[in-house]
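To keep things clear, I will list the structure first and then write my remarks on it.
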Amino acid sequence: ETQNGKKRFIALPDRLGLSSRLSLYDARHQFVVGEPPSSDQMSFRPIILNNQVVGYLGLKPVLDKEDALSINFFSNQKRY
Numbered sequence: 018e019t020q021n022g023k024k025r026f027i028a029l030p031d032r033l034g035l036s037s038r039l040s041l042y043d044a045r046h047q048f049v050v051g052e053p054p055s056s057d058q059m060s061f062r063p064i065i066l067n068n069q070v071v072g073y074l075g076l077k078p079v080l081d082k083e084d085a086l087s088i089n090f091f092s093n094q095k096r097y
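Numbered according to the numbering used here, the sequence shown spans residues 18 to 97.
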């Protein structure tokens with residue numbers, strides 16, 4: 018749906034805590050945006066366009082036991 022020629026985005030709940038764990042890097046692994054790196058346990062996935070790596074998506078692991086339990090709880094919830 019558009020409003021005044023602009024797309025409207027619907028905010029979804031962040032049940033996996035991704036907003037505080039994701040970050041974007043350029044093709045040289047230089048930080049671009051998101052949660053700044055603070056751990057060497059970050060896992061990276063390449064972003065590929067036309068068979069060329071143009072960047073990386075970084076994801077910090079869940080380190081806090083309470084966070085892991087919350088994520089597990091929310092991911093198992095069902096909507097009726």
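Beta carbons are placed, not taken as given, at the ideal position from N, Cα and C, and that holds for glycine. The structure presented is a predicted model; accordingly, all values stated were derived computationally and were not measured.
Selection from the options that minimises the alpha carbon distance to residue i
i	options	result
Ile64	Gly22, Lys77 and Ser40	Ser40
Met59	Tyr42, Lys24, Asn68 and Val70	Tyr42
Val70	Leu76, Val50, Lys77 and Phe61	Phe61
Pro78	Ser37, Arg25, Gly22 and Lys23	Ser37
Asp57	His46, Asn67 and Val50	His46
Beta bridge counterpart(s) of residue i as assigned by DSSP
i	result
Arg62	Leu74
Gly51	Ser40
8 Å contact criterion, which residue i and residue j should meet: CB distance rounded
i	j	result
Pro54	Gly75	7 Å
Gly72	Ala44	6 Å
Sequence-distant residues of its chain with Cβ nearer than 8 Å to residue i (five each side left out)
i	result
Val50	Ser40 and Leu41
Sequence-distant residues of the same chain with beta carbon closer than 7 Å to residue i, five excluded per side
i	result
Phe48	Ser40, Tyr42 and Pro54
Leu66	none
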